[in-house]
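Chains E and Z supply the protein sequences, listed in that same order.
Each residue of the first sequence is one higher than the one before, starting from 1 at the first, in the numbering used here.
Each residue of the second sequence is one higher than the one before, starting from 1 at the first, in the numbering used here.
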Amino acid sequence: MVVRLKKLGPQGHREFNLTLKEAREAVDADPGKYLIVDEETERIIKSIHLRDGQKIVMVPVIEGG
Amino acid sequence: MSKDWEVTPRGIYLVSRRLARPSWITARRRDLQENILSLTVQLKTIREKIEAKERLLRQLNSRKVNNHVKRMLRKEEIMKEKSQKLLRHFIGSVAYAALQRQKFITYTNKDGFTFRIYRDGGIFRKDAIGFQELCIIRPKDLPLPDFIISMLVNLRQNSKRFRERRRRG
Numbered sequence: 001m002v003v004r005l006k007k008l009g010p011q012g013h014r015e016f017n018l019t020l021k022e023a024r025e026a027v028d029a030d031p032g033k034y035l036i037v038d039e040e041t042e043r044i045i046k047s048i049h050l051r052d053g054q055k056i057v058m059v060p061v062i063e064g065g
Numbered sequence: 001m002s003k004d005w006e007v008t009p010r011g012i013y014l015v016s017r018r019l020a021r022p023s024w025i026t027a028r029r030r031d032l033q034e035n036i037l038s039l040t041v042q043l044k045t046i047r048e049k050i051e052a053k054e055r056l057l058r059q060l061n062s063r064k065v066n067n068h069v070k071r072m073l074r075k076e077e078i079m080k081e082k083s084q085k086l087l088r089h090f091i092g093s094v095a096y097a098a099l100q101r102q103k104f105i106t107y108t109n110k111d112g113f114t115f116r117i118y119r120d121g122g123i124f125r126k127d128a129i130g131f132q133e134l135c136i137i138r139p140k141d142l143p144l145p146d147f148i149i150s151m152l153v154n155l156r157q158n159s160k161r162f163r164e165r166r167r168r169g
């Protein structure tokens, strides 16, 4: 089982198939820069809530001026 | 200095003549030599600049660069398609159609704030007067559909950190 991760960024969104451990590491790599959204429920989640087979989207945190 | 009259079909001209002293001649010669030297240096620099630009243009017109440009444009095209697809999935077909048709979608978050998110990336919040534009720093190079998704998620997470844009005048 893998976690399907989409990361929104300057080059469009990149897609990765990662193991649960890799996905957690990817999510925790840039703390405060991305919000994690479950693609199916569209709820904002935390890395601890990741589970196998989940599709997630890493959305950049937008700053207010 | 002596003066002569010169009558021509176009009019009468007063012509002045001055004695060219050796000091004036040598000074004038020196000035001319300096001018010619300076212009020659400028000409050389301009020629070098033209050659450099011609070289760059030749490189940019090469087949290798053309292929790269084609590849990058295709990549951008795919990127846009993917972004649009993700946006449609995220907001649903109805809202996506509305965004295309009326150029904005309306979103109300759990705190009760209503927002208008425009197709061009403008974000407005409703207050007592009406919809006021929010001051938002758009991440550089983030495709517009991805930015709209990001804004929806960010507004859902915490909309209070976005202030209204100050009005000028």
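Each residue gets a CB set at the ideal place from its N, CA and C atoms; glycine is no exception.
- Assigned with DSSP and collapsed to three states, V61 (chain E) falls in coil, not helix or strand.
- Bridge pairing for V7 (chain Z): Z:I12 [DSSP].
- In summary, the residues of the stretch 77-98 of chain Z whose CB is separated from some CB of chain E by less than 9 angstroms are I78, M79, K80, K82, S83, L86, H89 and F90, in the order they occur in the chain.
- Counting along the chain, N35 (chain Z) sits inside the alpha helix (DSSP H) bounded by residues P22 to L60.
- In the DSSP assignment, I148 (chain Z) falls within the alpha helix (DSSP H) that extends over L144 to Q157.
- In this structure, the beta-carbon distance from I123 (chain Z) to M79 (chain Z) does not fall below 9 angstroms.
- Within the same chain, and ignoring the five residues on either side of K21 (chain E) in sequence, no residue has its Cβ closer than 7 angstroms to its Cβ.
- Within chain E, the residues whose beta carbon sits less than 8 angstroms from that of M151 (chain Z) are I62, listed in sequence order.
- As computed with DSSP, D38 (chain E) is found in a beta bridge with E:I56.
- Nearest C-alpha to R4 (chain E) among E:G65, E:G32 and E:R24: E:R24.
- Distances from the CA of E39 (chain E) to each of E:A29, E:K55 and E:A26 were compared; the closest alpha carbon is that of E:K55.
- Only residues of its own chain outside the window of five on either side were considered, and among them T114 and F115 have a CB closer than 8 angstroms to the CB of T108 (chain Z), listed in chain order.
- If you check the CB distance, P31 (chain E) and L142 (chain Z) do not come in under 9 angstroms.
- In terms of beta-carbon proximity, D111 (chain Z) stays away from the interface with chain E, with every pair separated by 9 angstroms or more.
- In the structure shown, the three-state DSSP call for R4 (chain E) is strand.
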